[in-house]
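Take a look at the structure set out below.
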Amino acid sequence: MHDFVSKHGVRIYSVLAALVPALVLVWPRVPWEALVALSAGLLGVGVVAASHEDTKTLKALYEDSPFEAELRGDVGQ
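Take any residue in the sequence shown, count from 1 to its spot, add 4: that is its number in the working numbering.
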């Protein structure tokens with residue numbers, strides 16, 4: 005489950021963020037304070053998700069490309 009959340013965290017976040025306005029349609033009597041708290045929580049999760057994606061991007065930048073050996077002519081060695 006941790007790997008799934010790690011790989012698809014931003015997608016999960018976007019689905020949750022998209023569902024917040026739907027709460028008002030489904031439950032029109034939801035107090036605005038609850039929506040503000042939920043929105044603030046989602047903003048915090050968004051920052052964490054963006055930071056995690058940045059970390060994965062930096063890690064990928066420092067790895068060799070799978071095509072690097074082919075470009076150097078080291079294929080099959």
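From the three backbone atoms N, C-alpha and C, an ideal C-beta is built for every residue, glycine too.
Check                                                                            : Outcome
For Leu23, the nearest candidate out of Ala64, Leu39, His56 and Gly13 (CA to CA) : Leu39
CA-to-CA distance, Leu29 to Thr61, given in whole angstroms                      : 37 Å
Simplified DSSP state of Glu67, which is helix, strand or coil                   : coil
Reference Trp20, options Ala44, Asp7 and Glu37, closest by Cα                    : Note on residue identity: the sequence assigns Leu, not Trp, to residue 20. Among Ala44, Asp7 and Glu37, the Cα nearest to that of Leu20 is on Ala44.
Cα-Cα separation, Val34 to Arg15                                                 : 25 Å
Where Trp31 falls: helix, strand or coil (DSSP)                                  : coil
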